[in-house]
Amino acid sequence: MAKEEYQEHDIEHLLQKMPRLKDNLLKEEIFQAVERKMNKKKRYRPLLVPIFASIAAIFFLILFIPSIVQKEDTDLSASKDAKVGPFSAATERMDSALSNAQDKAIKESVVLTDATVNKTAVYKDHLTQYDVINYGFITEDAITVPISVMMPKEARENSWEAQFKEVAEKLPLEEWGFSETPPQFYEEVNMEKNNEEIFLHLKENVDYFIYGEHNFWNALQYSFRYQDVKAVNISDEEGNILNFGNMGKIGKIVIDHTPHTNYYAYTLKNGATYVAPSELSYSSLAEALEAMKNTPNDFYEPLLPKEVALSVIEQENHPPIIRFRSHYDLMNGDKTQQMRMMEGILLTAKDFGYEEVEFQNLSPEEWGGFNFSEKVEVPYSPNRMLFETK
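Following UniProt numbering, the numbering of the sequence shown begins with 1 at its first residue and continues without gaps.
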């Protein structure tokens with residue numbers, strides 16, 4: 001019989017004539033039986049083998065697909081009733097555990113990142129635990145460097161003005177890198193504080209101006225600029241006004257809290273580096289920051305790289321907005337230099353009278369203890385050094 005003579009209606013007719021079958025075999029056994037039948041070589045005419053294989057497959061589909069579908073529906077229904085809840089809960093617990101692990105890894109990464117860079121200035125939150133005394137130390141290069149000495153509040157024994165002199169006598173200047181600087185004059189003054197004014201009584205047998213009148217003036221400015229002192233009254237021990245040479249007789253020095261200056265890095269001969277204000281004054285914050293790319297003399301080092309471009313928006317009664325024109329990543333480069341740059345910018349903003357600064361186009365948002373997605377508080381004073389009296 002030729003293959004093309006079997007049409008679709010012939011196959012249907014044959015199926016209808018066949019008796020109804022009922023088989024209690026497991027489906028696995030039927031699979032195996034069909035497989036054996038299909039793989040076993042019999043002496044059927046070659047053209048009939050495909051036909052009977054198709055018939056067997058059709059029988060299998062007709063007999064077993066309904067039961068399989070019914071069983072799967074039952075399994076799915078039971079699964080919904082009995083297993084979806086626990087499985088879903090387990091999945092949620094697993095997702096939660098993975099999320100917690102990721103959060104922990106991110107937090108540890110931030111901690112490790114922050115551990116590589118530290119702020120160098122004093123901030124307002126330090127003032128809750130520490131007393132701060134500021135000094136302007138004159139170096140042999142005739143550069144005045146402001147140092148902020150922090151001492152635990154519980155160590156305070158005397159008044160602030162008494163501590164000013166006593167601490168000056170005990171400071172480890174050699175350890176801080178000032179070993180080659182001339183002796184400072186702070187221990188040679190008697191000081192009183194009355195509200196917002198300081199009264200300095202200088203001794204007659206001490207040459208306070210050995211470093212020049214201008215450096216003496218700078219040292220006093222840096223000692224009281226960062227505190228609530230408005231003026232320093234200067235006299236000898238008998239109350240007489242002193243003659244400042246070229247500057248003439250000066251009985252009072254007004255402390256300038258907003259000198260409109262900027263900051264640079266200054267390195268002592270032993271390698272210790274601090275930030276120091278310049279003696280120049282600028283008309284705007286933008287001008288002062290731009291000048292920080294170039295050194296005004298052979299002793300200072302720029303805090304801003306030349307390739308860094310900043311735009312500054314200053315508005316009345318509003319923190320300045322400092323925007324990096326090209327995206328700047330603080331994770332690149334030397335982290336210590338990056339910190340000096342950021343604190344130099346903030347200290348310069350402070351010298352223009354600002355208490356906060358907004359930064360834009362800067363990443364990461366949280367770095368070195370700063371959160372640049374919010375307004376950033378300016379430092380209280382530069383170059384903090386912890387000193388514990390013994």
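From the three backbone atoms N, C-alpha and C, an ideal C-beta is built for every residue, glycine too. These numbers were taken from a predicted model, which means no experiment stands behind them.
Buried or exposed: residue i, going by 16 or more other Cβ atoms within 10 Å of its Cβ?
| i | result |
| --- | --- |
| glutamate 343 | buried |
| alanine 155 | exposed |
| isoleucine 210 | exposed |
| arginine 340 | buried |
| glutamine 315 | exposed |
| arginine 45 | Reliability of the predicted coordinates at arginine 45 is poor, the pLDDT of 45 falling under 50, and the value obtained from them is presented with this limitation in mind. So arginine 45 counts as exposed. |
| aspartate 228 | exposed |
| serine 284 | exposed |
| glycine 177 | buried |
| methionine 331 | exposed |
| glutamate 388 | exposed |
Does DSSP put residue i in a helix, in a strand, or in coil?
| i | result |
| --- | --- |
| methionine 385 | strand |
| isoleucine 345 | helix |
| alanine 142 | coil |
| lysine 293 | coil |
| phenylalanine 178 | coil |
| arginine 156 | coil |
| tyrosine 186 | helix |
| asparagine 222 | Note on residue identity: the sequence assigns tyrosine, not asparagine, to residue 222. Of the three classes helix, strand and coil, the one that applies to tyrosine 222 here is helix, per DSSP. |
| valine 376 | strand |
| glycine 136 | strand |
| aspartate 256 | coil |
| glutamine 338 | helix |
| threonine 261 | coil |
| glutamate 365 | coil |
| glutamine 227 | coil |
| lysine 350 | helix |
| phenylalanine 199 | strand |
| alanine 286 | helix |
| asparagine 233 | strand |
| asparagine 243 | strand |
| phenylalanine 209 | coil |
| threonine 128 | helix |
| phenylalanine 164 | helix |
| phenylalanine 359 | strand |
| lysine 193 | strand |
| glutamate 169 | helix |
| asparagine 118 | coil |
| phenylalanine 216 | helix |
Report the residue from the options whose alpha carbon sits nearest the alpha carbon of residue i.
| i | options | result |
| --- | --- | --- |
| glutamate 365 | His327, Val378, Ser381 | His327 |
| valine 145 | Thr273, Val229, Asn233, Tyr282 | Thr273 |
| glutamate 161 | Lys252, Ala219, Glu197, Thr139 | Glu197 |
| valine 378 | Asn233, Leu127, Asp131, Ala349 | Ala349 |
| proline 382 | Ala286, Phe224, Ser311, Val312 | Phe224 |
| alanine 142 | Ile255, Phe387, Phe216, Arg384 | Phe216 |
| asparagine 246 | Ile133, Gly212, Thr258 | Gly212 |
| glutamate 166 | Asn190, Gly369, Asn270, Phe324 | Asn190 |
| lysine 124 | Ile322, Pro296, Glu356, Glu374 | Glu356 |
| histidine 257 | Lys375, Phe352, Trp367, Asn371 | Phe352 |
| serine 159 | Pro172, Asn194, Phe178, Ser179 | Asn194 |
| valine 254 | Ala231, Ala276, Met292 | Ala231 |
| valine 376 | Tyr354, Met292, Thr295 | Tyr354 |
| serine 235 | Ala276, Lys203, Ile345, His214 | Lys203 |
| glycine 271 | Glu175, Asn297, Lys170, Glu169 | Glu175 |
| lysine 252 | Ile241, His260, Thr261 | Ile241 |
| tyrosine 282 | Glu157, Asp334, Pro259 | Pro259 |
| leucine 304 | Glu237, Ala286, His318 | Ala286 |
Do residue i and residue j have their CB atoms nearer than 8 Å?
| i | j | result |
| --- | --- | --- |
| tyrosine 266 | phenylalanine 299 | yes |
| leucine 200 | asparagine 233 | yes |
| leucine 280 | leucine 310 | no |
| methionine 385 | isoleucine 147 | yes |
| aspartate 329 | serine 373 | no |
| valine 122 | glutamine 338 | no |
| proline 302 | valine 312 | no |
| proline 277 | threonine 261 | yes |
| leucine 171 | valine 275 | no |
Kindly list the residues whose CB is nearer than 7 Å to the CB of residue i, restricted to its own chain and excluding five residues on each side of it in sequence; keep chain order.
| i | result |
| --- | --- |
| alanine 219 | Gly136, Ile138, Thr144 |
| valine 206 | Phe185, Glu188 |
| residue 393 | In the structure displayed, the chain extends from 1 to 390; residue 393 sits before or after that span and is not available. |
| asparagine 306 | The amino acid at residue 306 is misidentified as asparagine; the sequence shows lysine. Lys293. |
| tyrosine 222 | Asn134, Gly136, Thr144, Pro146 |
In chain order, what residues of the same chain have a beta carbon less than 8 Å from the beta carbon of residue i, not counting five sequence neighbours either side?
| i | result |
| --- | --- |
| lysine 153 | Gln129, Tyr130, Asp131 |
| tyrosine 380 | Ala121, Val122, Tyr123, Lys124, His126, Leu127, Val132, Ser148, Tyr226 |
| leucine 173 | Phe137, Ser179, Thr181, Gln184 |
| phenylalanine 324 | Val308, Ala309, Leu310, Phe359, Gln360, Asn361, Leu362 |
Is any heavy atom of the ligand COA found at a distance shorter than 7 Å from the C-beta of residue i?
| i | result |
| --- | --- |
| glycine 344 | You won't find the ligand COA in this model; it holds no ligand whatsoever. |
Kindly list the residues whose CB is nearer than 6 Å to the CB of residue i, restricted to its own chain and excluding five residues on each side of it in sequence; keep chain order.
| i | result |
| --- | --- |
| glycine 369 | Lys119 |
| leucine 268 | Gly177 |
| valine 84 | For valine 84, the pLDDT reaches just 40, beneath the cut-off of 50, and the residue's location in the model is therefore unreliable, leaving the point undetermined. |
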